[in-house]
Structures are given as structure tokens and as C-alpha cells.
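First up is the structure itself, then whatever we jot down about it.
4 protein chains.
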Amino acid sequence: MKIGLVGLGRMGAAMSQRLRQQGFDVAGWDQNANANQMSATTGLRIAAHARAIAAESDIIISIITEDHGVRHIFTGSQGFLSGDVAGKLFIEMSTLQPMTGRELAPLVAAKGARLIESPVLGTIPQVRDGRLVSLVGGAAEDLERARPVLEKMTRRIVHMGPHGCGYAMKLAVNLGLGSYIQALSESLALGFKQGLSLEQMLDVLQEAPYASGWLKSKVDVIKGAKPDMTLDIRTLRKDIMSVVATGALSGVPMPQSSGTLAALSAAVANGYGAGDLGELPKFLRESMLQNFE
Amino acid sequence: MKIGLVGLGRMGAAMSQRLRQQGFDVAGWDQNANANQMSATTGLRIAAHARAIAAESDIIISIITEDHGVRHIFTGSQGFLSGDVAGKLFIEMSTLQPMTGRELAPLVAAKGARLIESPVLGTIPQVRDGRLVSLVGGAAEDLERARPVLEKMTRRIVHMGPHGCGYAMKLAVNLGLGSYIQALSESLALGFKQGLSLEQMLDVLQEAPYASGWLKSKVDVIKGAKPDMTLDIRTLRKDIMSVVATGALSGVPMPQSSGTLAALSAAVANGYGAGDLGELPKFLRESMLQNFE
Amino acid sequence: MKIGLVGLGRMGAAMSQRLRQQGFDVAGWDQNANANQMSATTGLRIAAHARAIAAESDIIISIITEDHGVRHIFTGSQGFLSGDVAGKLFIEMSTLQPMTGRELAPLVAAKGARLIESPVLGTIPQVRDGRLVSLVGGAAEDLERARPVLEKMTRRIVHMGPHGCGYAMKLAVNLGLGSYIQALSESLALGFKQGLSLEQMLDVLQEAPYASGWLKSKVDVIKGAKPDMTLDIRTLRKDIMSVVATGALSGVPMPQSSGTLAALSAAVANGYGAGDLGELPKFLRESMLQNFE
Amino acid sequence: MKIGLVGLGRMGAAMSQRLRQQGFDVAGWDQNANANQMSATTGLRIAAHARAIAAESDIIISIITEDHGVRHIFTGSQGFLSGDVAGKLFIEMSTLQPMTGRELAPLVAAKGARLIESPVLGTIPQVRDGRLVSLVGGAAEDLERARPVLEKMTRRIVHMGPHGCGYAMKLAVNLGLGSYIQALSESLALGFKQGLSLEQMLDVLQEAPYASGWLKSKVDVIKGAKPDMTLDIRTLRKDIMSVVATGALSGVPMPQSSGTLAALSAAVANGYGAGDLGELPKFLRESMLQNFE
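Structure, rendered in C-alpha cells:
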């Protein structure tokens with residue numbers, strides 16, 4: 003089976019390697035020439051554009067940053083749907099707004115092809131070990147067709163419901179992630195201004211009932227160690243903006259997520275966008291406080 | 003050694019039992035007559051008022067809900083400091099604003115007595131098993147004097163720094179707790195409006211990197227089971243309001259905690275104040291959403 | 003010229019009267035039977051459904067509450083576009099999200115008809131006096147065709163730009179309205195808790211640099227007088243939710259509007275939805291405060 | 003009558019000139035040497051420190067930026083209360099937290115002197131013309147003693163109540179100011195991203211029911227003109243932080259003001275602190291938006 007993969011960023015590049023290791027014939031493409039070159043050095047065959055990827059593949063995976071970009075990959079002049087895609091299966095793995103999934107599905111169907119969404123829980127290490135969790139939205143039979151590919155990358159595949167439900171679940175998870183890191187930022191800033199040290203606080207916070215393995219894994223980055231980049235602040239901000247938009251369109255007020263979004267936006271405005279989300283507490287502590295003399 | 007205990011709510015009552023089981027001679031008092039009666043039926047000796055408690059005890063513990071109440075227990079006309087308290091040690095265990103601790107300490111010292119603060123992590127089960135975590139603010143020598151008592155209730159005692167630092171750390175922890183439960187509420191409401199079921203969502207959220215034992219322990223309450231009440235929404239709201247006040251007084255903007263506070267305030271206004279915090283998601287889902295058609 | 007009008011709520015009913023007074027032949031319809039009856043008693047001819055309105059009219063005005071409803075009026079089974087509407091002009095006057103306008107325009111065009119949006123500034127008195135301000139989005143030539151009708155209801159017509167721009171401007175205005183009333187609510191609650199009286203505060207607030215005629219007009223309602231209902235809290239909430247959604251979809255963080263939305267949502271949850279927006283301060287003061295004893 | 007004036011910033015310097023023009027004998031001091039020099043060039047007699055000001059004056063005015071600074075002016079080693087101040091009257095005119103006023107009053111009384119607070123509405127032009135509005139907190143008889151001085155600077159003097167009430171009213175007014183400018187920022191950013199021009203939007207916003215003279219006066223600055231500096235963003239941020247702190251300490255949740263505070267804090271973090279508040283919309287529009295390509 004031939005697999006095409008559009009989006010060769012950190013996640014996409016890792017997936018292309020995993021899938022080849024698992025025996026698939028994979029071709030890739032990214033709109034960024036550097037990303038293409040990087041993947042080419044690992045032996046990945048690079049196509050000319052998204053349409054070319056679709057033309058030569060049975061199953062086409064896309065994993066890029068945001069909704070406008072994904073729409074363009076599908077509907078742009080050299081996008082997937084600009085060629086003959088009858089009979090093909092698209093597995094869209096980005097973190098998008100549910101409405102984007104519900105908008106793309108009929109466009110794909112109109113070309114005689116099928117689409118499922120499958121955003122995932124997990125980052126690079128989980129890709130490498132095939133231990134992602136897949137959150138699928140779309141028809142059950144399309145998921146069955148995708149399963150042999152998804153299984154090689156995941157430890158669990160959950161069918162959430164029709165199109166949009168997979169993205170909704172992914173946003174619900176990332177909402178909590180943004181909340182967790184911003185709560186930590188506010189906690190540490192509060193304690194800092196009250197005379198506590200970062201070490202003391204991180205020690206005690208690991209005693210909190212809601213302490214998690216993730217907090218433990220971020221402690222060194224929060225203390226200032228160089229991060230093994232997983233999710234950057236700009237991307238998390240985009241996800242939380244999608245959360246707030248989806249919430250508002252559905253009739254859900256989001257007072258807390260809106261607060262998180264304001265903080266993330268301020269961090270990006272201050273040049274922290276490319277930083278790991280474990281660096282967010284530093285931004286609050288160093289830039290947002292009011293100092294009296 | 004004789005121990006006095008003011009505040010016979012859920013936590014105070016459990017402490018009075020634990021301390022007696024550990025061999026201390028304990029007398030108690032609460033401003034609420036019912037609470038006194040309830041504790042009397044467990045065999046606790048009840049005194050006439052806070053001053054009487056202080057008069058007959060070497061070490062006096064207080065654990066009540068909020069700052070105004072604690073100030074009154076110390077400085078009211080029948081309060082601790084209305085009698086001769088020279089040489090006594092006060093262990094204040096409520097969850098207060100740091101400034102309240104820094105305000106009370108010199109008043110106590112002026113009467114020849116000593117004060118440490120020791121808010122705790124943990125609830126009723128941890129009191130019963132002596133497995134609380136104590137977050138101490140005050141002088142090291144006063145902590146040493148308190149240690150034989152605190153040790154019977156805790157698995158760990160952390161000296162955070164001078165007066166105020168214990169409260170600051172406790173607020174920093176509860177900030178995260180409020181954030182966690184409100185984030186969960188927003189997640190579940192978002193997914194609910196997008197067609198996901200509570201069961202599906204709680205299942206997947208336990209796969210999130212930031213999942214915790216606490217989330218697991220709350221799953222049944224979130225699904226609708228009767229809670230084994232630990233922290234009620236009204237009290238958590240009071241804590242988050244203290245977080246926001248302490249933050250603002252210290253120069254820390256708290257966009258996320260302010261969002262959480264708005265949500266908790268709305269829940270209390272709707273009559274959810276006495277509910278367990280695991281019932282917060284239900285409030286958002288059932289009352290705050292906007293319904294069209 | 004025959005005019006059809008769908009939506010016979012407060013604003014629609016007033017418009018139907020104004021237009022008849024100005025000499026137009028007007029027929030109306032509302033999905034709510036009571037609204038139809040009420041307007042019938044004023045002499046308005048009532049049609050069977052939206053499609054029937056479109057069938058018999060040259061120009062069709064719609065003014066209802068929210069986006070889902072408007073979509074249904076256009077695309078539902080008895081909606082405008084279910085009949086032959088070639089050559090007709092639709093003037094959509096509701097307060098909607100810009101994306102809704104951009105979504106409807108091509109659907110209308112595909113049926114050989116034209117659409118402009120024209121949300122308005124002003125309420126019932128301005129309708130009666132023909133002193134609304136019209137914020138038009140759509141093509142200039144379609145505005146010219148609508149002008150003879152719009153002119154009878156407005157003192158000013160502003161062409162904001164293509165489809166969506168009129169709605170965007172209206173949302174931008176209502177954002178400020180929501181902000182103003184919630185700011186006033188927070189001001190008054192703050193002063194109230196600090197010992198100031200409502201009378202004192204409203205007096206001084208009219209000295210503020212940002213005081214406006216609108217504040218002056220609301221002073222009696224804020225003090226408790228029965229409102230001459232203009233905009234209810236539920237509808238303002240819907241507008242602010244549209245603001246937040248449109249903002250997030252466009253990449254604009256809205257920390258303040260999100261705070262306003264949280265407050266309005268709490269008010270609706272507490273049963274204040276049908277109240278005039280001048281009643282919002284009462285809700286905050288009476289229901290959202292934390293009381294210490 | 004001899005008047006002392008501590009705080010020779012923009013407002014204090016203008017007041018020192020106004021009072022001398024009105025025939026008072028005035029001496030001044032500021033902790034900033036440049037401010038002293040600047041005022042000396044206008045002919046103001048400069049004293050050595052705050053205590054020296056109090057020593058030579060009957061009535062002592064203070065007008066500086068924030069609470070810690072004012073506390074220091076009164077209780078510092080060279081502060082007002084470090085000398086003999088029996089019989090003197092202090093008029094504190096800064097914008098402070100009510101609790102600061104209630105904290106200082108008994109300290110002043112203990113030294114045999116009197117204190118009223120009189121924060122004001124208005125900026126430099128109103129000082130020059132004696133057209134401020136004075137919001138007085140403190141005892142009525144002390145206000146009578148201050149009146150001959152206050153009258154020369156004000157068009158209206160309102161006795162709000164006991165100590166703290168004047169500050170509370172001033173914070174309530176500035177809450178609205180912060181809200182107004184941030185609402186405008188969010189409005190303009192929303193419209194901007196939807197394709198509207200600044201000129202169009204500012205034109206229409208002046209048609210809004212809540213439009214004010216203040217908005218009109220800020221239009222040119224918002225469009226990019228160099229401001230005639232009145233209130234800078236950093237100071238407004240401090241005021242809104244005082245609003246949030248006072249609210250939380252009083253039991254008032256402030257979801258909207260907290261959103262405003264987040265935005266102002268982000269602006270200060272980005273280097274906009276010294277800007278006029280009319281420059282806030284530019285910050286949101288240029289730095290906080292998320293751009294998709």
C-alpha cells in the first residue's frame with residue numbers, strides 16, 4: 003500500500019519515518035522547502051505538490067498546523083482535490099476546529115473519495131514507539147480501512163463519532179493542557195512575589211492531588227533547562243483560540259480558556275512563540291508582573 | 003500536653019478525633035452550636051468560647067473558613083487575644099491570604115505568645131490516617147515546638163519561610179485545583195455541544211498527559227454519583243478570590259484565575275455553593291450554555 | 003413596490019408599521035404565531051411562511067435574533083430560497099456573525115437574487131422616527147436598489163464594504179455596549195461593597211470623561227425603575243458570543259469581551275435573560291458577590 | 003496659609019502652579035531630583051524631604067502614583083509622620099486602594115493631625131482651569147478645613163463618605179475608563195481583521211449610543227497622532243490592578259476588569275507602558291493578533 007504524507011514538520015517527519023520502518027511505501031511533501039530537504043536526507047521520497055502526493059497514494063495523511071493551511075492543502079489550485087482522487091482515503095491528523103472537518107468531508111465525498119479525521123494524543127516519542135492515541139471522527143467503515151495504517155502508530159484508536167468529533171475531543175484535551183500550564187504560571191508567579199523559591203514551589207506542587215507525570219516531566223524546563231521541544235507556545239495558542247471559537251460558535255462561554263488565551267497571546271507578542279510551553283511560567287514571571295519600588 | 007481546637011467543621015472535627023486517638027488531651031469550640039454538639043457526641047470536651055480554649059491549652063489550633071472569621075477568633079471580644087496567652091503557641095491551619103498571617107503574627111507576639119501558620123494539603127481521609135502535608139509559615143523554632151503535634155497528622159512538614167509563605171503556597175496549590183476543575187468543565191461542555199458523550203470524554207481525558215489520580219477519583223461524581231464531599235464550591239471560590247486578591251496586591255495579573263473565579267461565582271449564585279467541586283462541570287453544562295432555536 | 007418582512011419581534015413589528023406609514027405595501031411573517039397575531043391587529047397582512055413572503059415581494063427584509071434562525075429562514079424547507087426568487091433583493095437586518103453573511107450571499111446569488119446586509123444602530127424610537135443608522139455590507143449597486151426603503155427608516159446609511167463588513171461593524175458597536183454595561187455593573191458593585199450608595203455613584207459616574215447620553219438614559223432603570231425595554235440581556239449575550247467567536251476565528255484574542263460574556267451568561271443562567279440590559283448591575287450586586295459575616 | 007505639596011509629576015506640578023496663581027504660599031518636593039529641578043524652574047520653592055514639607059506647612063497635599071509610595075511618604079524615615087505634625091491637615095490626592103486610606107487615617111490621627119483623601123476627576127487642563135471634580139473621603143469637618151484650597155482647583159467637591167470612600171469612587175470611575183479603552187481596542191481589532199478601516203470604524207463608533215466626548219477627544223491619537231499625554235498605560239494598569247484587588251478583598255468578582263488588566267499588563271510587557279492610553283488599540287492591533295497565512 004502506498005501512503006502519501008503532507009506536512010513534514012516535527013510530527014509529520016517522525017510519522018514518515020515510523021511508517022517506512024513499519025514497511026509502508028511512503029512519499030511526502032511540505033510547502034516549506036527546508037522541511038522537504040530535511041526529510042529527503044532521511045530517505046523520504048519528496049513529491050512536487052499535494053496533488054502529486056494524492057495521485058500516487060492509496061491513503062493520504064495530512065498533518066499541519068492550522069485550519070486555513072489544511073483547507074488550502076485540500077482545495078488549493080495544487081491541492082488534493084484538484085486532481086482525480088476517486089476511491090482514495092484521506093486521514094487528516096492535524097488539530098483543527100470541528101467545523102473544518104465537517105466542511106471538508108462533503109467536498110472530499112463529492113470527488114468520490116473518503117475522509118476521516120484522526121488527531122492524536124502524544125508527541126514525537128509516542129510516534130517513534132507507535133504509542134499515540136488516535137481520536138477518530140468519520141464513518142466506521144472508513145476507520146476500518148485506515149486501521150492498518152493507524153495501528154502502526156498508535157496504542158489505542160478511539161472512534162469518537164462522525165466528522166468533527168475527533169477534533170472536538172482533541173481540542174477538549176488541549177484546553178486542559180493550556181489550562182494546566184497557565185495555572186502553573188500563575189501559581190509560580192504568585193508564590194514568587196510572596197517570597198517562595200521556584201524549587202520549593204515545584205516540590206510542593208508535586209504533592210498536589212492533581213499532580214501528574216506531565217508536570218514531573220516539565221519540572222526541569224520550568225527551572226530553566228533547555229527543553230526537548232514538544233509543543234510550542236504559538237501552536238498551543240492556536241489550539242486555545244480554536245477552543246474559544248468552537249465554544250462560542252456552539253454556545254459555550256469559556257471564561258477560563260479566554261484567560262489562558264490572553265496570556266498565551268501576550269507571550270507570543272513578547273517573542274516567546276517558538277518556546278516550549280514549559281517556558282510559559284518564565285514569561286509571566288519575568289514580563290507580566292507589576293513592580294513597585 | 004493540652005491542645006485547644008477552634009473550628010469544628012469537617013476538617014476540624016476530624017482533627018480533634020485524630021489528635022485524641024494519638025493521646026492528646028483536646029478541647030474544642032466552634033461558633034456554630036450544631037458543630038459543637040456534633041463533636042460533643044464523639045466525646046470532645048467543648049469550651050465556652052475561643053478565649054476559654056486558649057486559657058486551658060498549651061497549643062491552640064484554629065481551622066475555619068476565611069480571613070474575617072480567623073481575625074475575629076483572634077481579636078474579637080471573646081477571642082484568643084482577649085485573655086492572657088503569654089507563652090502559648092498558636093497553629094493556624096485555615097487557608098488564608100498571606101497578608102492575614104503577616105497581620106496576625108505581631109498581634110500574637112505583642113501578647114507574649116507565638117504563632118505559626120500551617121495550612122495543609124489533604125482532606126478528611128488524610129487527616130484520619132495522619133497523612134496530610136503541612137505548609138508552614140513562621141519561625142523555625144516555633145515550628146519545632148509545633149512539630150510533635152503536626153507530626154501526628156502529617157506525612158510531611160515543609161517549612162516554606164516566614165509568616166505568609168505557608169498560606170501563599172496553599173493558595174498556589176488551590177489555584178491549580180480550581181483551574182483543573184473549571185478546565186474540565188469547559189472541556190466537557192465543549193465536547194457535549196459537539197456531540198460527544200460524558201463517558202467517552204472522561205475516558206479519553208484520562209489518556210491526557212496531565213491526567214492525575216485526582217481526576218480518576220472524581221470521575222464518578224462528574225458522571226452524577228453522590229459525592230463523598232471533600233471541598234465545596236463555595237469554599238473553593240473563596241480560595242480563588244483570595245488568589246486573585248493576593249495576586250493583584252502583589253502585582254500579578256491573573257487572567258486565568260479570574261476566569262475561574264467568574265465561573266465559580268456564577269455557580270454559587272445558582273445555588274451550587276454547597277456542592278462538591280466535582281459537580282462544577284454539571285453546572286456549566288446545564289446552566290451556562292446558550293441554546294439556539 | 004411590495005415589501006416582505008420576516009421577523010415580527012419588537013424591531014420587526016416597529017419596522018412594519020414605519021414602512022406602511024411611509025406608503026409601502028408590506029406583508030409580514032414570523033415563526034411565532036403570537037407575533038403574527040399581534041402584528042395582524044395593527045393591520046399587517048400575514049403570509050403563510052417565509053417562501054410566501056418572498057414570492058409576493060420585490061424587496062424582502064429579515065430581522066430576527068440569531069444566525070441559526072436566519073440560515074433557516076433562507077435555506078429551510080419553507081425558506082426564502084425554496085421558491086423562485088430570481089431578481090429579488092433581500093435586505094438582511096439582523097445582528098449576525100460576518101461569516102454568516104458571507105455564507106448566505108453566494109446561496110442567494112445562485113438563485114438569481116441579490117442580498118445585502120444592513121444591521122442598524124438604534125432601537126424602537128429610532129425606527130418610529132426613521133432615525134436608525136444603517137451599516138451596509140454587500141455590493142454598491144444592491145445598496146442603491148435598497149436605498150429608497152432604507153432611507154425611510156434611517157438618518158444615515160454607511161456602506162461598510164463587501165458582505166460581512168456590515169455585521170462586523172455592528173458587532174464592534176455592540177461589543178462596546180456590552181462592555182459599558184458590565185463595566186458599570188462592576189463599578190457599582192465595587193462601590194457598593196465599599197459603602198457608597200447607588201445614587202452617589204451614578205451621580206459621580208456622570209462626571210466621568212466617558213459619560214454618555216446612554217448612561218443618562220439608563221440611570222432610572224439602574225436605580226430600579228421599570229425599563230422601557232430596548233435590548234434584553236439574552237440578546238446582548240448572543241451578540242457578545244458572536245463577538246468572541248468572530249474574534250477567535252479571525253485571530254483576535256478578546257480577554258475583556260470574554261469576561262463580559264461570562265457575566266452575561268451567569269445572568270441568563272440566573273433567570274435575568276429577559277431583563278433589560280440596564281438590569282445587569284442589579285444581578286451582579288445581588289447575586290454574584292461573596293458575603294462574609 | 004502655607005501649603006506643602008509632595009509629588010511633582012505632571013499633576014502635582016500643575017497643581018503647584020495653579021495654587022501659587024491663586025495666591026497660596028507653596029513649597030514642594032518629589033523623590034525624583036529631576037522633577038524637583040523642573041518645578042524649581044517655574045519658581046516653586048523645593049524642600050529637602052517630605053518631613054520638611056510637613057514642618058513648614060499648614061495643609062499638606064500629596065499626589066503620587068501608588069500605594070507603596072504614599073505609605074512611604076507618610077511613614078518612611080523622612081516621611082510626614084517622622085516629625086511633629088500636630089494640628090496639620092493632610093489632603094491625599096493620589097488614586098489609591100480604599101484600604102490604604104483606612105490604614106493611614108489612624109496613623110495620622112495618632113500624631114494629632116488630620117487626613118482627608120481627595121482623588122480627583124480631570125487631568126492637566128482641568129487643573130489649570132480649576133475645574134477638577136474632587137471625591138472626598140474622611141470627616142466632614144476636615145473637608146471644611148480643606149475646602150478653601152480644594153475650591154481653587156475644582157468645579158465640584160463631592161463628599162463620598164468616611165476614609166476609603168473617595169478612593170473607592172475614583173477606582174470605580176477608572177474601572178470604566180480602562181474598560182472603555184480596552185473595549186475600543188477589541189472593537190477596532192475585530193473590525194480590522196474583518197476588513198474595515200480605522201477611519202470607517204471610528205466614524206461609526208461615534209454614532210454608538212455610548213459615544214462620549216472623551217472618545218471624540220481620543221480619535222486623533224487612536225489614528226496615530228502624537229498624544230497630548232494625559233494618563234499613561236502603566237498608571238492605568240496600576241489603577242485596574244487596584245480595582246481587581248479591592249474587588250476581590252471585598253468579595254466582588256471582576257471578570258471584565260480582569261480581562262482589561264490582562265490586556266494592559268501585556269501592553270506594559272511589550273514596552274507600551276509610557277504610552278498614552280489612546281495608544282492601547284494600536285498595541286492590540288499590531289502585537290496581539292494571530293496571523294494565518
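Each protein sequence line maps, in turn, to chains B, V, Z and Y.
Heads up: the first sequence runs through residues 3 to 295, numbered per my numbering.
Heads up: the second sequence runs through residues 3 to 295, numbered per my numbering.
Heads up: the third sequence runs through residues 3 to 295, numbered per my numbering.
Heads up: the fourth sequence runs through residues 3 to 295, numbered per my numbering.
Even for Gly, the Cβ is constructed at its ideal location relative to N, Cα and C.
The beta carbon of Ser59 (chain V) is closer than 8 Å to those of Lys4, Ile5, Gly6, Ala29, Lys90 in its chain, skipping five residues each way along the sequence. Glu201 (chain B) sits exposed, since fewer than 16 C-beta atoms from the chains shown fall within 10 Å of its C-beta. What Val221 (chain Y) touches in chain V, judged by beta-carbon distance under 9 Å, is nothing: the nearest beta carbon there is about 29 Å away.
In the structure shown, Ser199 (chain V) falls within a coil segment according to DSSP collapsed to helix, strand and coil. Under the three-state reduction of DSSP, Ala265 (chain Z) is assigned to helix. Rounded to whole angstroms, the gap between the alpha carbons of Lys284 (chain Y) and Val254 (chain Z) is 13 Å.
According to DSSP, Val28 (chain B) shares a beta bridge with B:Ile5. When rounded, the separation of the alpha-carbon atoms in Gln258 (chain V) and Tyr182 (chain B) is 10 Å. Counted as a single uninterrupted DSSP element, the stretch harbouring Arg287 (chain Y) is not any alpha helix (DSSP H), since DSSP gives it neither H nor E. Beta-bridge analysis with DSSP links His161 (chain Z) to Z:Val138. Arg53 (chain Y) and Gly14 (chain Y) do not touch by the CB rule: their CB atoms are close to 18 Å apart, not below 8 Å. Counting along the chain, Glu68 (chain V) sits inside no alpha helix (DSSP H), nor does DSSP assign it H or E at all.
With a minimum length of 4 residues, the unbroken runs of alpha helix (DSSP H) contained wholly in the stretch 73-146 of chain V fall at 100-112, 126-130.
DSSP, reduced to helix, strand and coil, places Thr156 (chain B) within a strand of the structure shown. Per DSSP, reduced to three states, the secondary structure at Asp205 (chain B) is helical. A distance below 6 Å between beta-carbons, with the five flanking residues on each side excluded, links Leu286 (chain B) to the following residues of its chain, in chain order: Ser187, Ala191. Under DSSP, the beta-bridge partners assigned to Arg47 (chain B) are B:Ala29.
Ile118 (chain V) sits close to Gly140 (chain V), with the two beta carbons spaced by under 8 Å. Within chain Z, Gln292 have C-beta atoms less than 8 Å from the C-beta of Lys240 (chain V), given in sequence order. Distance from the CA of Glu68 (chain V) to the CA of Lys240 (chain V), rounded to the nearest whole angstrom, comes to 8 Å. With a cut-off of 8 Å on Cβ pairs, the stretch 92-111 of chain Y is in contact with the stretch 159-169 of chain Y, counting three or more such pairs. When the five nearest sequence neighbours on each side are left out, the beta carbons in the same chain lying within less than 6 Å of the beta carbon of Val245 (chain Z) are those of Leu173, Leu177, Ser259, in order along the chain. A direct Cα-Cα distance of roughly 29 Å separates Val138 (chain V) from Ala276 (chain V). Listed along chain B is no residue with a C-beta nearer than 7 Å to that of Met231 (chain V); the closest approach is about 15 Å.
One finds nothing in chain B with a Cβ atom closer than 7 Å to the Cβ of His51 (chain Y); even the nearest lies about 17 Å away.
Comparing alpha-carbon positions, the option among Z:Val135, Z:Leu204, Z:Thr43, Z:His74 lying closest to His51 (chain Z) turns out to be Z:His74.
Contacts with chain Y (Cβ-Cβ distance below 9 Å) from the stretch 91-111 of chain Z involve Pro100, listed in chain order. For the set Z:Gly124, Z:Phe82, Z:Ala56, Z:Ser96, the Cα lying nearest the Cα of Thr232 (chain Z) is the one of Z:Gly124.
Relative to the Cα of Phe194 (chain Z), the nearest Cα in the group Z:Val122, Z:Ile93, Z:Gln292 belongs to Z:Gln292. Boundaries of the alpha helix (DSSP H) harbouring Thr237 (chain B): 235-252, taken from the DSSP string. In this structure, the straight-line span from the alpha carbon of Ser214 (chain Y) to that of Pro211 (chain Z) is close to 8 Å. Annotation: the continuous alpha helix (DSSP H) that includes Ser18 (chain B) extends over 12-23.
Cβ proximity to chain V below 8 Å picks out Pro257, Ser260, Gly261, Ala264, Ala265, Ser267, Ala268, Val270, Ala271, Asn272 from the stretch 245-272 of chain Z. In the displayed model, Asp222 (chain Z) falls within a helix according to three-state DSSP. Only residues of its own chain outside the window of five on either side were considered, and among them Ala52, Arg53, His74, Ile75 have a CB closer than 7 Å to the CB of Gly81 (chain Z), listed in chain order. Listed along chain Z, the residues sitting closer than 7 Å to Glu68 (chain V) by beta-carbon distance are Phe294.
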